[in-house]
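Protein chains: 2
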Amino acid sequence: MELLKQKIREVGVILSDEVIKLDAILNHAVDPALTTAMGREFARLYRDENVTKILTIESSGIPIAFAAAQELNVPLVFARRKKSLNTETETYCERVPSFTKGIVTDIMVSKEFLDEKDRVVLIDDFIANGDAARGLIRIIRRSGAVLLGLGIAVEKSFQAGGRTIRESGVRVESLVKIASLAGGEIRFE
Amino acid sequence: MELLKQKIREVGVILSDEVIKLDAILNHAVDPALTTAMGREFARLYRDENVTKILTIESSGIPIAFAAAQELNVPLVFARRKKSLNTETETYCERVPSFTKGIVTDIMVSKEFLDEKDRVVLIDDFIANGDAARGLIRIIRRSGAVLLGLGIAVEKSFQAGGRTIRESGVRVESLVKIASLAGGEIRFE
Numbered sequence: 001m002e003l004l005k006q007k008i009r010e011v012g013v014i015l016s017d018e019v020i021k022l023d024a025i026l027n028h029a030v031d032p033a034l035t036t037a038m039g040r041e042f043a044r045l046y047r048d049e050n051v052t053k054i055l056t057i058e059s060s061g062i063p064i065a066f067a068a069a070q071e072l073n074v075p076l077v078f079a080r081r082k083k084s085l086n087t088e089t090e091t092y093c094e095r096v097p098s099f100t101k102g103i104v105t106d107i108m109v110s111k112e113f114l115d116e117k118d119r120v121v122l123i124d125d126f127i128a129n130g131d132a133a134r135g136l137i138r139i140i141r142r143s144g145a146v147l148l149g150l151g152i153a154v155e156k157s158f159q160a161g162g163r164t165i166r167e168s169g170v171r172v173e174s175l176v177k178i179a180s181l182a183g184g185e186i187r188f189e
Numbered sequence: 001m002e003l004l005k006q007k008i009r010e011v012g013v014i015l016s017d018e019v020i021k022l023d024a025i026l027n028h029a030v031d032p033a034l035t036t037a038m039g040r041e042f043a044r045l046y047r048d049e050n051v052t053k054i055l056t057i058e059s060s061g062i063p064i065a066f067a068a069a070q071e072l073n074v075p076l077v078f079a080r081r082k083k084s085l086n087t088e089t090e091t092y093c094e095r096v097p098s099f100t101k102g103i104v105t106d107i108m109v110s111k112e113f114l115d116e117k118d119r120v121v122l123i124d125d126f127i128a129n130g131d132a133a134r135g136l137i138r139i140i141r142r143s144g145a146v147l148l149g150l151g152i153a154v155e156k157s158f159q160a161g162g163r164t165i166r167e168s169g170v171r172v173e174s175l176v177k178i179a180s181l182a183g184g185e186i187r188f189e
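Protein chains in written order, with full-length UniProt numbering: chain A, 1 to 189; chain B, 1 to 189.
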């Protein structure tokens with residue numbers, strides 16, 4: 001997606017050979033026109049798959065996942081990162097490490113919002129090592145829903161997440177793949 | 001907003017005289033048509049105010065805030081609840097208690113996304129005691145931005161948040177006001 005590449009070149013802040021900060025478009029501030037275009041692109045990729053639900057995880061995946069859900073006119077479910085007072089006991093829960101946060105978190109989806117009648121696209125902002133995605137995939141499998149595939153805004157293809165999930169037979173669509181951040185330079189695939 | 005009242009009657013789960021769970025439309029699953037309508041209503045209310053930015057806080061406020069930002073075609077900024085590796089040091093940070101989570105959290109907005117040229121509408125899913133909203137208002141004031149007002153999906157008007165913020169001179173627009181949950185019954189204002 002050329003528009004997203006341009007924006008990443010404009011606003012991306014390279015923090016190390018492994019980390020690029022995209023707070024200006026994904027992780028803190030959001031451009032509605034760009035986000036709507038990204039949602040539309042995910043919708044186009046999965047349009048013929050009879051999607052019944054979009055799944056993401058709080059927080060940065062929500063705007064793009066919502067834009068895709070709008071376009072496909074299906075509900076969005078966002079996995080929660082831990083229990084609050086308002087949370088059901090009837091949940092699918094998985095423990096995953098977070099690459100950017102450097103901590104382990106529990107992610108959960110209430111059983112009432114995901115079941116064997118669902119055909120799900122999993123949308124997220126980044127894929128690096130793929131730990132969060134794998135946790136969400138386990139939740140989808142446990143629910144009995146069909147996983148149609150992933151929609152990722154930015155795949156860091158120098159990390160193994162996208163590749164290993166593809167190798168496991170899951171469709172992974174990334175709008176942009178970053179092959180390298182070495183030397184403070186963004187190289188797209 | 002009549003449509004939202006209907007949905008609350010349909011899906012709301014009353015957990016106590018003070019807590020109603022709206023996971024099915026706000027806090028875990030999202031209906032894109034309803035959310036888009038809510039965003040459109042916030043946009044209508046603030047249309048003539050030359051809004052430059054929508055501010056919310058992760059996570060449940062993001063879909064409705066995004067829908068409002070789409071409609072007004074201005075950027076959305078979502079305050080973060082704590083620091084991750086990817087977070088700037090140059091931030092406005094405030095400590096607030098959370099009514100539903102029963103804990104204290106630090107909320108932060110990067111200085112690069114909010115400044116004295118901004119005219120801001122603060123959007124959130126719920127207002128109860130108003131602690132999160134007051135924290136965000138302090139951040140807006142510190143940035144020098146103009147606070148145009150609040151847009152709240154569900155005001156629990158039997159708790160003091162909305163009232164005290166209005167009394168401080170801030171415009172507060174709530175799409176729905178719940179006057180009472182006593183006896184397991186939702187009474188709208």
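The C-beta atom is built at its ideal place from N, Cα and C for all residues, glycine as well.
Note that the structure is a prediction, hence the values are computed from the model and not measured.
Asked: Beta-carbon neighbours of B:P32, restricted to chain A and to distances below 8 Å; Found: F66, A69, Q70, N73, V74, P75 and L76
Asked: Sub-9 Å separation of A:P32 and B:V74 beta-carbons; Found: yes
Asked: Contact with chain B by A:V176, beta-carbon distance below 9 Å; Found: no
Asked: Residues that DSSP places opposite A:L26 in a beta bridge; Found: Its beta-bridge partners do not exist; DSSP assigns none.
Asked: Opposing strand residues paired with B:L76 [DSSP bridges]; Found: A:V30 and B:I54
Asked: Within 9 Å, strictly: CB atoms of A:L114 and A:V77; Found: yes
Asked: Best match in A:S157, A:G162 and A:R40 for proximity to A:A179 [C-alpha to C-alpha]; Found: A:S157
Asked: Whole-Å CB distance - A:V120 paired with A:L45, under 8 Å assumed; Found: Going by Cβ atoms, the distance from A:V120 to A:L45 rounds to 14 Å, so no, they are not a contact pair.
Asked: C-beta contact flag for A:G151 and A:D118 at 9 Å; Found: no
Asked: One or two residues paired with B:G151 in a DSSP bridge; Found: B:I123 and B:E173
Asked: Per-residue contacts from A:S180 into chain B (C-beta, under 9 Å); Found: Those within 9 Å of A:S180 in chain B number zero; the least Cβ separation is about 18 Å.
Asked: Three-way DSSP call (helix, strand, coil) for B:S110 in this model; Found: strand
Asked: 9 Å Cβ cutoff met for A:M108 and A:R80; Found: yes
Asked: Selected residue, minimal CA-CA separation from A:I25, among A:R134, A:A68, A:N50 and A:G61; Found: A:G61
Asked: Per-residue contacts from B:P97 into chain A (C-beta, under 8 Å); Found: The contacting residues do not exist; B:P97 stays about 13 Å from chain A at best.
Asked: Host beta strand (DSSP E) of B:A94 (start-end); Found: The residue you asked about is not Ala; residue 94 of chain B is Glu in the sequence shown. Counting along the chain, the beta strand (DSSP E) containing B:E94 begins and ends at T91 to P97.
Asked: Beta carbon of B:L122 nearer than 9 Å to that of B:L136; Found: yes
Asked: Contacting positions in the region 14-41 of chain B - beta carbon closer than 8 Å to chain A; Found: L15, V19, K21, D23, A24, N27, H28, A29, V30, D31, P32, A33, T35 and T36
Asked: Reduced DSSP secondary structure (H/G/I, E/B, other) of B:F42; Found: helix
Asked: N-terminal and C-terminal residue of the alpha helix (DSSP H) that A:K117 is part of; Found: Looking at the DSSP string, A:K117 is not in any alpha helix (DSSP H), and its letter there is neither H nor E.
Asked: Residues that DSSP places opposite B:F188 in a beta bridge; Found: B:I178
Asked: Cβ separation of A:L34 and A:L3, assumed to be a contact under 8 Å, to the nearest whole Å; Found: 7 Å
Asked: Proximity test, Cβ basis, 9 Å: B:S59 and chain A; Found: yes
Asked: Within chain A, the residues that B:S143 reaches when beta carbons sit closer than 9 Å; Found: Here the premise fails: no neighbours, minimum Cβ distance about 13 Å.
Asked: A:S174 vs A:I127 beta-carbon contact at 9 Å; Found: yes
Asked: Cα-Cα separation, A:E49 to B:K82; Found: 37 Å
Asked: Any chain B beta carbon closer than 9 Å to A:I140; Found: no
Asked: Where A:D17 falls, given that 16 or more other Cβ within 10 Å makes a residue buried; Found: exposed
Asked: CB contact flag (A:D106, A:E116, <9 Å); Found: no
Asked: Reduced DSSP secondary structure (H/G/I, E/B, other) of B:V11; Found: helix
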